[in-house]
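The working numbering numbers the first residue of the sequence shown as 4 and each following residue consecutively.
No residue lacks a Cβ here, since even glycine has one placed at the ideal position from N, Cα and C.
The structure appears below as structure tokens.
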Amino acid sequence: MSYLILVRHGESGWNVDGRFGGWVDVPLTGKGIEESLLCAAELEAIGLDIAFTSKLVRAQETLFLILSKQAKIGVFVHEAAGAGEGRVDSGDENGPDKKENRYSYPSKIEKSLIPIYSSEALNERYYGILQGNKKDKMKEKYGEEQILHWCRSFDEGPPEGESLKDIYRRSVPYFEKEIIPALQEGKNVIVCAHQNSLRALIKHIEGISNEDIRKIRLANARPVIYTLSGDRLVRENAEMDPAVKRKI
Ligand SMILES: O=C(O)[C@H](O)COP(=O)(O)O
């Protein structure tokens, strides 16, 4: 059995400021650091083998804080080193991919490393005309209903920005190509990302409808934990809607 842990980053400076962060690279607040360390303690008992995150520091900081409680150390591996190309594994010295495996480490330290892959595919929504603005100012300007529609709807997003469907179309293929193979190899996987990139993945994993996904919101640094048994990802923590066991 392997674990899949999805966790949104800890509180960022613009979460507390009530701004649409999107692709603006805002770090964690002190509270965000504390939340991430609490999450680290919660996950300490699960030995993580591989990590995925976005290109934004709020997610990367949270990931490193979580990994600080692991026995192994996180090291970045270039995203091109996907499944089988350059993935850090214990392939034998003359293995087929050894020459391409530019991230092979001396075996004496390899076993103490957690490879980290970062990708824009896991970035938060690009907010277009809303990005960087205060939420309450935008609600005054465009109306609360319109803002909620752009942020919650599946098919429509803010002007010049991404809809949840756009995010789904970049995050789910990445999940299938890079993350599922790691789970199927029996690895415990953590994905540390954002409100909307994780909502897209949860929609896919649990087969949640376009309407019901409007209700799903993720708190900062609260892990959603799945186990892969056979070909099914089953959610272990109950605070979300009843999981739909879905073939992957
Ligand atoms: O709803 C919001 O404010 C943002 O979509 C949250 O994005 P974040 O998860 O990157 O803070």
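Counted within 10 angstroms of its Cβ, other Cβ atoms place residue i as buried (16 or more) or exposed
i	result
H197	buried
Q73	buried
V91	Model confidence at V91 stands at a pLDDT of 46, short of 50, so the residue's coordinates are unreliable and nothing is read from them.
N240	exposed
I112	exposed
S212	exposed
F157	buried
A185	buried
Q149	exposed
R128	buried
S57	buried
Nearest residue (CA-CA) to residue i, options the options
i	options	result
E123	V194, C42, W153	V194
K252	R61, R173, I49, T56	It is not possible to answer for residue 252, since the shown part of the chain is limited to 4 through 251.
S71	S57, E37, K58	E37
G164	M4, L236, G25	G25
V60	V27, E209, L41	V27
N199	A62, E45, G16	A62
W17	E47, D139, D169	D139
Proximity of residue i and residue j at Cβ, strictly below 8 Å
i	j	result
F23	Y171	no
I69	P118	no
G35	N223	yes
R11	L167	no
V78	Y120	no
V175	H207	yes
V192	Y6	yes
I228	I8	yes
F55	I182	yes
P226	L46	yes
Alpha-carbon spacing of residue i relative to residue j, whole angstroms
i	j	result
L51	G21	33 Å
L133	S115	43 Å
R217	A203	11 Å
L141	G160	Looking at the sequence shown, residue 141 is not Leu but Met. If I take the Cα positions, the gap works out to 14 Å.
T65	L31	8 Å
S39	L125	18 Å
K180	N136	34 Å
E88	Q187	Note that E88 has pLDDT 43, beneath the 50 cutoff, so the model's placement of it is unreliable and no number is given.
F178	M4	18 Å
E155	Y145	The question names Glu, but residue 155 in the sequence shown is Arg. Cα-Cα distance, rounded: 15 Å.
E14	R235	31 Å
G233	L41	31 Å
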